[in-house]
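Sequential numbering of the sequence shown, starting at 546, is according to our numbering.
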Amino acid sequence: MFYYLSFLRPPPLSASLSISTKGKAAASSIIIIPQIANDLRTEYYDGPPLDIMYQWIRASSADALKTSPTKLTSYRAETMYKEIIIPLPKQAKEGDEWILMLSAASDTTGEPSGIVDLSARVHPVPLPVYSMPIQITRSFSPSKQEKLMRQYIIPSRPCCIRVMEQTSFDLDKKIWDSGIGLSSWLVEIIDGQSSVTNTHASNLRRLLDPSRCCRVVELGAGTGIVSLVLAALRYSVPVSPSDTGVDSFPSDPELDSIFTTDLSSAMSLLEQNIALNEHLFSPSRRLRAIVLDWDNSELPLDIRTVGFDVIIMADVTYNIASFLALLRTLKSFIQLGAGPNSNAAPLIVLGYKERHLDERVLWEMARSIGVLFHEVDARPGAGGQPVEIWIGTIFD
């Protein structure tokens with residue numbers, strides 16, 4: 546499992562400057578309640594006291610103005626509901642927008658970091674969090690922010706992936722453990738750094754190689770992190786000058802696409818996250834959000850004309866009641882036929898974290914549609930249940 550820093554009491558949309566005795570606007574403060582919990586916010590951090598740091602970053606700043614990391618609190622379970630006052634940066638002026646970042650000190654370096662390194666197999670400290678921009682004004686507004694953001698890096702790619710989440714408890718609008726674990730594993734596999742040598746992982750690596758076309762669909766994408774990471778791996782220019790880059794061959798959008806799908810309720814946030822990161826990807830490549838309801842008997846027209854090389858799923862097993870609909874949807878994709886770039890049935894990649902033992906009935910149910918899942922690796926996160934990586938193959 547992973548731990549996540551978030552806001553039990555989010556920052557305000559705007560913060561007011563106090564007026565000094567000389568009539569000038571001066572820095573004031575905001576109030577937040579930080580939280581460290583699991584992905585569903587149902588299990589709370591109860592380990593030893595953990596130093597939480599904060600840092601202010603001026604939004605839309607050409608000079609990347611930021612304050613030094615400052616200790617916010619020593620987080621412990623018994624004080625998890627404590628309100629904390631944070632002073633606005635001294636440099637704040639009326640009309641500015643500032644972003645608040647919370648992070649925990651690293652176990653290895655002792656330094657806080659606001660970015661999640663997806664090449665790391667283990668993430669022992671909580672994932673850092675950013676507020677949305679807070680507008681500095683002279684008048685107070687009680688309205689609280691409804692979104693937060695996290696940033697992720699792939700060291701082999703010159704990009705920082707930004708993913709927004711909702712501060713509400715909507716499950717399809719948050720990052721889930723399997724999204725992080727599967728994204729991290731895909732980084733390792735595609736960059737050729739994995740020690741996994743089984744045939745199924747090798748076949749997947751060949752299909753997802755950035756130098757060749759691949760048609761991919763993700764089911765139950767939520768915030769879209771897995772598709773965004775896959776797009777960054779395939780569609781951005783690698784750091785290494787020895788790599789020829791992803792634009793060294795002509796791309797047919799029909800044959801080289803990533804479709805990220807979920808219910809209509811998830812589309813707004815999913816499309817915002819794609820737009821937030823589209824500057825990272827080659828214009829010739831496609832990452833598209835499509836509404837896909839597993840309860841519908843037919844696939845959407847946009848994705849039912851050509852087969853897929855790879856089908857990706859992360860954390861789709863939390864609701865056993867949805868398994869029949871999920872398998873019916875998988876069967877529909879399989880019946881589209883061979884992937885256009887592999888001339889073979891699609892490989893199915895599943896990131897899974899056990900929440901209830903009953904969920905594992907999916908593996909046996911999948912056999913009824915001709916899918917056999919093979920466990921190929923796992924990501925431990927911060928302890929507890931790991932994120933298991935499974936690859937499904939089609940049999941007659």
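C-beta atoms are modelled at their ideal positions from N, C-alpha and C, and glycine is treated no differently. Source: prediction; values computed, not measured.
Alpha-carbon to alpha-carbon, Gly884 and Arg751 = 13 Å
key: Ser729 versus Gln696: straight-line alpha-carbon distance, rounded   = 14 Å
message = Using the three-state DSSP reduction, which class does Met910 fall into: helix, strand or coil?
response = helix
query = Under the criterion of a Cβ to heavy atom distance below 7 Å, does Pro593 qualify as lining the ligand SAH?
reply = The ligand SAH is not among the ligands present in this structure, which contains no ligands whatsoever.
inquiry  = Are the CB atoms of Met858 and Leu764 within a distance shorter than 8 Å?
reply    = yes
ask   = If Ile936 and Val894 are in contact, beta carbons under 8 Å, what's the gap, nearest whole angstrom?
value = 6 Å
key: Backbone secondary structure at Asp717 - three-state DSSP   = helix
message = According to DSSP, is Trp601 part of a helix, a strand, or is it coil?
response = strand
query = For Ile939, which residues of its own chain have a beta-carbon under 7 Å away from its beta-carbon, when the five flanking residues on both sides are left out?
reply = Ile879, Ala890, Gly915, Val916
inquiry  = In the DSSP assignment, the beta strand (DSSP E) including Arg707 goes from what residue to what residue?
reply    = 705-711
Assigned secondary structure, Asp922 (DSSP; H/G/I helix, E/B strand, else coil) = strand
request  = Could you tell me which uninterrupted alpha helix (DSSP H) segments, each at least 4 residues in length, are contained entirely in the stretch 786-870, listed from first to last along the chain?
outcome  = 809-822
request  = Go ahead and label Ile577 buried or exposed: buried means 16 or more other beta carbons lie within 10 angstroms of its beta carbon, across all protein chains shown.
outcome  = buried
ask   = Just how far apart, CA to CA, sit Arg554 and Leu892?
value = 42 Å
Spatially closest choice to Ile631 from Val667, Asp941, Ala622, Ile679, by CA coordinates = Ile679
query = Does DSSP put Ile735 in a helix, a strand or coil?
reply = helix
Beta-carbon contacts of Leu591 that lie in its chain and below 8 Å, excluding the five residues immediately before and after = The amino acid occupying residue 591 in the given sequence is Asp; Leu does not appear at that position. Hits under 8 Å: Ala622.
query = Ala649 CB to nearest chain C CB: under 8 Å?
reply = The chain inventory of the structure shown lacks chain C, comprising one protein chain alone.
inquiry  = For Phe552, tell me which candidate among Arg586, Leu808, Leu562 has the shortest Cα-Cα distance.
reply    = Arg586
query = Quick one: is Asn841 buried, meaning 16 or more other Cβ sit within 10 Å of its Cβ, or exposed?
reply = exposed
ask   = Just the Cα atoms here: how many angstroms apart are Ala604 and Trp643?
value = 5 Å
inquiry  = Considering just the uninterrupted stretch of the beta strand (DSSP E) at Tyr897, what are its terminal residues?
reply    = 892-897
Inter-residue Cα distance where the pair is Val851 and Arg830 = 17 Å
ask   = Is Gly769 near Ile720, with beta carbons less than 8 Å apart?
value = no
ask   = What distance in whole Å lies between the Cβ atoms of Thr612 and Met598, which are believed to be in contact at a cut-off of 8 Å?
value = No, Met598 and Thr612 are not in contact; Cβ-Cβ is about 11 Å, not under 8 Å.
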